[in-house]
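Protein chains in written order, with the working numbering: chain A, 1 to 35; chain B, 36 to 250. Worksheet: the structure to be examined is printed underneath.
As C-alpha cells, then:
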C-alpha cells in the first residue's frame, strides 16, 4: 500500500464516519423537533 | 460556534496537507496521519473520561440526566476509538508491513473497545430505567479506573512499535515547529467537533426522554 493511498484512505474513513454520524443526528433531531 | 469549528477544521486540513512538512524517519507522506489519527484517540479518551465523570455524578445525585450524558459519551467514544483503530491499522500496514501486529497499543485500544461496547450491551439488557442507570454507572466507574492503564500505562511499559507520544519518554516535545502547530490546531479542531456532536446528541437524548423513547 502506498503512503499517499493510505493517507487518502485514512481521511476518507474518518470524514465518511463523522459525516454519516452528523447527518444521522441532525436528521433525528429535526424529526423530533417537528413533532 | 459550529461555523468557527468547521472553518478551523478546514484550515487544519489545508495545513496538514500543504503547510506542514513530513516528519523524518517515516515512509513518504505517512507521518501526516498524526493530524488525524491522534485526535481520534484523544477524543475517545476524553469521551470515556466524560462518561466516568457523569456516572460518578449520577451515583451522587441520582439524576437520570447524568446517566444519559454518560451513555452519549460512551457511544461517541466508541465511534472515535473505532476510527482511531482503523486509521492506526492503515498506518501500521504502511510502516510495519501488516494491518495488525499485536502491538501493545493495538491490544489496549481493542480492550477498550470491548469494555465500552459491553457497557452498551449491559444497558440494552436491563428494561427498568433506574436499575439500568445504577448498573451502568457502577460498570462505567470500573471502566473509568481501568481506562488510564490501557491508554497511558500498558503502551509505555512494554516494547512498542508505535511512534513516540507528543511528550516522549525523555519528557521532551521533539516535533518540528510547523508539525507541532498543525497537530495542536487539529487537536483543538477535533475537540470542538466532538463538543458539537456531544451537545447535539445530549439534546437529542433529552427530547427522546421527554417523549418516553429513551433507552
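For every residue, glycine included, the Cβ atom is placed at its ideal position computed from N, Cα and C.
(1) Identify which residue in B:118, B:127 and B:179 has its Cα closest to the Cα of residue 85 of chain B.
(2) Cα separation between residue 237 of chain B and residue 104 of chain B?
(3) Could you name the residues of chain A that residue 227 of chain B contacts, counting a contact when the two beta carbons are closer than 7 Å?
(4) Cα separation between residue 35 of chain A and residue 27 of chain A?
(5) Using a Cβ-Cβ distance cut-off of 7 Å, determine whether residue 17 of chain A contacts chain B.
(6) Tell whether a beta-carbon distance below 7 Å holds between residue 134 of chain B and residue 68 of chain B.
(7) Does the region 67 to 81 of chain B come close enough to the region 92 to 107 of chain B to have 3 or more Cβ pairs within less than 8 Å?
(8) Hey, quick one: how far does the alpha helix (DSSP H) through residue 57 of chain B stretch, first residue to last?
(9) Cutting at 8 Å between CB atoms, please list the residues of its own chain near residue 197 of chain B, excluding the five before and the five after it.
(10) Runs of 4 residues minimum, wholly inside the region 156 to 212 of chain B: which ones carry the alpha helix (DSSP H) assignment?
(11) Taking the straight line between their C-alpha atoms, what separation do you get for residue 235 of chain B and residue 59 of chain B?
(12) Please check if any C-beta of chain B sits within less than 7 Å of the C-beta of residue 23 of chain A.
(13) What first and last residue would you give for the alpha helix (DSSP H) that runs through residue 8 of chain A?
(14) In whole angstroms, give me the CA-to-CA distance for residue 164 of chain B and residue 89 of chain B.
(15) Can you look up residue 102 of chain B in the DSSP assignment and give me helix, strand or coil?
(16) From the beta carbon of residue 6 of chain A, is the nearest beta carbon of chain B less than 7 Å away?
(17) For residue 152 of chain B, I'd like the list of residues in its chain whose CB is within less than 8 Å of its CB, leaving aside the five on either flank, ordered along the chain.
(18) Cβ closer than 8 Å: which chain A residues qualify as neighbours of residue 63 of chain B?
(19) So, helix, strand or coil for residue 64 of chain B, using DSSP?
(20) Between residue 136 of chain B and the rest of its own chain, which residues show a CB-CB distance below 7 Å, the 5 nearest in sequence each way excluded?
(21) Please tell me whether residue 9 of chain A has its Cβ less than 7 Å away from any Cβ of chain B.
(22) Give me, in chain order, the residues of the same chain whose beta-carbon lies closer than 6 Å to that of residue 262 of chain B; leave out the 5 immediate sequence neighbours on both sides.
(23) Check whether the Cβ of residue 20 of chain A lies closer than 7 Å to any Cβ atom in chain B.
(24) Just tell me which of B:142, B:80, B:240 and B:222 has its CA closest to the CA of residue 40 of chain B.
In brief:
(1) Minimum Cα distance to residue 85 of chain B is reached at B:179.
(2) Computed Cα separation, rounded: 6 Å.
(3) Result: empty, since nearest Cβ-Cβ is about 13 Å, beyond 7 Å.
(4) For residue 35 of chain A and residue 27 of chain A, the distance between alpha carbons rounds to 13 Å.
(5) Chain B contact via Cβ: present.
(6) Contact: no.
(7) Verdict: no, contact absent.
(8) Residue 57 of chain B -> no alpha helix (DSSP H), and no H or E assigned at all.
(9) For residue 197 of chain B, same chain residues with a beta-carbon under 8 Å away, outside a window of 5 residues either side, are 138, 139, 140 and 190 in chain order.
(10) The region 156 to 212 of chain B contains these whole alpha helix (DSSP H) runs: 164 to 183 and 189 to 192.
(11) Using only the alpha carbons, I get a separation of about 40 Å.
(12) No, its Cβ sits nowhere closer than 7 Å to a Cβ of chain B.
(13) Counting along the chain, the alpha helix (DSSP H) containing residue 8 of chain A begins and ends at 3 to 34.
(14) Near 16 Å, if we compare the C-alpha coordinates of residue 89 of chain B and residue 164 of chain B.
(15) When secondary structure is reduced to three states using DSSP, residue 102 of chain B falls in the helix class.
(16) Yes, its Cβ sits closer than 7 Å to a Cβ of chain B.
(17) So the list reads 113, once near-sequence residues are dropped.
(18) Here the neighbours are 2, 3 and 4.
(19) Shown here, residue 64 of chain B sits in coil according to DSSP, grouped into three states, outside any helix or strand.
(20) Within the same chain, residue 136 of chain B has close Cβ partners 127 and 196.
(21) Interface residue, yes.
(22) Since the first and last residues shown for chain B are 36 and 250, residue 262 of chain B lies out of range.
(23) Taking a beta-carbon distance threshold of 7 Å, residue 20 of chain A does not count as an interface residue toward chain B.
(24) Residue B:222 is the option with its Cα nearest to residue 40 of chain B.
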